[in-house]
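Chemist: No gaps in the numbering here: position 14 of the sequence shown is -3 in this note's numbering, and each next residue is one more.
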Amino acid sequence: TRMAVEDEPYTEQVVLLEGQGIWYSKPEVPEVELEKANMLQLVGPKVNYTRASFDLQDDWFVFLLPQSVFKIHPLYDRVVAQIVALHSNIHVVVTGGRRPRWTKIYMNRLYQAIRNVDSTGKGEKRLHLIERVSSEKFNSLLSIADVILHPFPFDGSKTSADALNVGIPFITLPSEYLRGRMGVAFLRTMNIPELVAHNSTEYIQIAAKLFHDKEFYKTVKQSVLDKVDLIWEDVEVPYTWTKLLENIIRTNRPLLCMEPITWNSFLQQGGLNSSRETALWELRDSNRRQFDSVWGNERYLLEDGV
């Protein structure tokens, strides 16, 4: 692991896997997925949200923070407040919690953070609360945003993928543990380092650049649209897990071992197109190496720089 033994939070051995680390199938239209699961009759009619649905103006630049309330660390409140303070045309939209009391505590925190930055009261008017929406309506909700905000140290996985799926860029600041690393995992696969911050100051700077630099925003958004298909159905993910399990068996039950699984044999057993999947693997791997060369390493996260 990457910490001193006495500070290590895990009781189990930690294994760091290569690649993206998580598999997502390419999403279908929510109604299609619900119909396949025979659940379409359990939800309401299809909804296509617009900004008017939430009393938001079309000329506002909207940062949307759609994460569950329990993920939002109080230290992140300061980041929200700083983003609100960047410009009078910036509006931040947040979603409420599962319980009214959670929402009340959360909003009181955010309002106080904004007042600490701007005592005029104008900033508070640019923070908007909307109710949570059901999963089949979530993509429609995301489409009202210009940018998605990923909190830290707890970001999102499915939310990241959903945002990219509808072509909306998100800002993320990776932390030490898995709960804060899914956003950066997708952006590494796509090679979009411009949206990944090293610290909270840079996080706010990225938000400012997305708002002020229209060409930068346009370029990043187009990169998301062009590269999003790379995060779906990444065969390296199950292959890496298979190799891990094979190694565990080989170490602990050597008599049970069969022929080692190779990339080509794994593809063949899965009935997959070897040429296509190998080309995709090479492209993803190249993207990650380019990302790392631009964004740099994460020595600031390591114990004593080790």
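C-beta: ideal position from N, C-alpha, C; glycine also.
Pull up the distance between the alpha-carbon of V211 and that of E177, whole angstroms please.
Modeler: Their backbone Cα atoms lie some 15 angstroms apart in a straight line.
Chemist: Quick one: residues in its chain with C-beta nearer than 7 angstroms to the C-beta of L(-1), no 5 flanking neighbours on either side, listed in chain order?
Modeler: Taken in chain order, the list of residues that qualify is empty.
Chemist: Going straight from the alpha carbon of D196 to that of I88, what length do you get?
Modeler: One C-alpha to the other measures close to 35 angstroms.
Chemist: What did DSSP end up calling W278 once you bin it into helix, strand or coil?
Modeler: Here W278 sits in helix by DSSP.
Chemist: For E1, which option in V77, H74, T172 has the closest C-alpha, if you only look at C-alpha atoms?
Modeler: It is T172.
Chemist: Check this for me: beta carbons of S130 and F199, under 8 angstroms apart or not?
Modeler: The identity of residue 130 in the sequence shown is Val, whereas the question assumes Ser. The answer is no: Cβ separation not under 8 angstroms.
Chemist: Helix, strand or coil for F153 per DSSP?
Modeler: F153 falls in the strand class under three-state DSSP.
Chemist: Over what stretch of residues does the alpha helix (DSSP H) that includes L58 continue unbroken?
Modeler: From DSSP, the alpha helix (DSSP H) with L58 extends over 57 to 67.
Chemist: State the beta-bridge partners of H111 as determined by DSSP.
Modeler: Partner(s): V76.
Chemist: Take A128 and list the residues in its own chain whose beta-carbon comes closer than 6 angstroms to its own, dropping the five residues that flank it on each side.
Modeler: Closer than 6 angstroms at Cβ, skipping near neighbours: V45, L47, I151.
Chemist: Could you give the DSSP three-state label for L0: helix, strand or coil?
Modeler: Three-state DSSP puts L0 in coil, outside helix and strand.
Chemist: Would you report the Cα separation of T(-16) and I232, rounded to the nearest angstrom?
Modeler: Residue placement at T(-16) is poorly supported in this model, since its pLDDT is 34, which falls under 50; the coordinates are not used for a value here.
Chemist: Thinking C-beta only, is P136 closer than 8 angstroms to G166?
Modeler: Result no, Cβ atoms of G166 and P136 do not sit closer than 8 angstroms.
Chemist: Per the DSSP calculation, F46 is bridged to which residue(s)?
Modeler: Answer is V75, V130, bridged to F46.
Chemist: Taking only the alpha-carbon atoms, compute the straight-line gap between I189 and G279 and give it to the nearest angstrom.
Modeler: For I189 and G279, the distance between alpha carbons rounds to 17 angstroms.
Chemist: Helix, strand or coil, according to DSSP, for V179 in the structure here?
Modeler: Of the three classes helix, strand and coil, the one that applies to V179 here is strand, per DSSP.
Chemist: With burial defined as no fewer than 16 other Cβ atoms inside 10 Å of the residue's Cβ, what is the status of S143: buried or exposed?
Modeler: Buried, by the Cβ-count rule.
Chemist: If you draw a straight line from the alpha carbon of G288 to that of D60, how long is it in whole angstroms?
Modeler: Low confidence applies to G288: its pLDDT is 37, below 50, so where it sits in the model is not reliable, and the reading given next is rough at best. Answer to the nearest angstrom: the Cα atoms are 29 angstroms apart.
Chemist: Can the beta-carbon of L307 be found closer than 8 angstroms to that of V75?
Modeler: Since the first residue of the chain shown is -16 and the last is 289, residue 307 is not available in this structure.
Chemist: In three-state terms, what does DSSP make of V167?
Modeler: Here V167 sits in helix by DSSP.
Chemist: Skipping 5 residues on each side, what residues in its chain have a beta carbon closer than 7 angstroms to that of D145?
Modeler: Excluding positions up to five away in sequence, the list reads F121, N122, L125.
Chemist: Beta-carbon separation of I97 and V67 under 8 angstroms?
Modeler: In contact: I97 and V67 (Cβ atoms closer than 8 angstroms).
Chemist: Check this for me: beta carbons of R267 and L213, under 8 angstroms apart or not?
Modeler: Yes, these two residues count as a Cβ contact at 8 angstroms.
Chemist: Could you pull the start and end residues of the alpha helix (DSSP H) that W246 belongs to?
Modeler: Where W246 is concerned, the enclosing alpha helix (DSSP H) stretches over 246 to 252.
Chemist: For T223 versus F249, is the C-beta distance shorter than 8 angstroms?
Modeler: Not closer than 8 angstroms, so no.
Chemist: Could you give the first and the last residue of the continuous alpha helix (DSSP H) run that contains I88?
Modeler: Counting along the chain, the alpha helix (DSSP H) containing I88 begins and ends at 83 to 100.
Chemist: Assuming W215 contacts Y7 under a Cβ cut-off of 8 angstroms, what Cβ separation, rounded to an integer in Å, is found between them?
Modeler: Right, their Cβ atoms sit about 6 angstroms apart.
Chemist: Which residue comes first and which comes last in the alpha helix (DSSP H) that contains I231?
Modeler: Run containing I231: 219 to 235, per the alpha helix (DSSP H) assignment.
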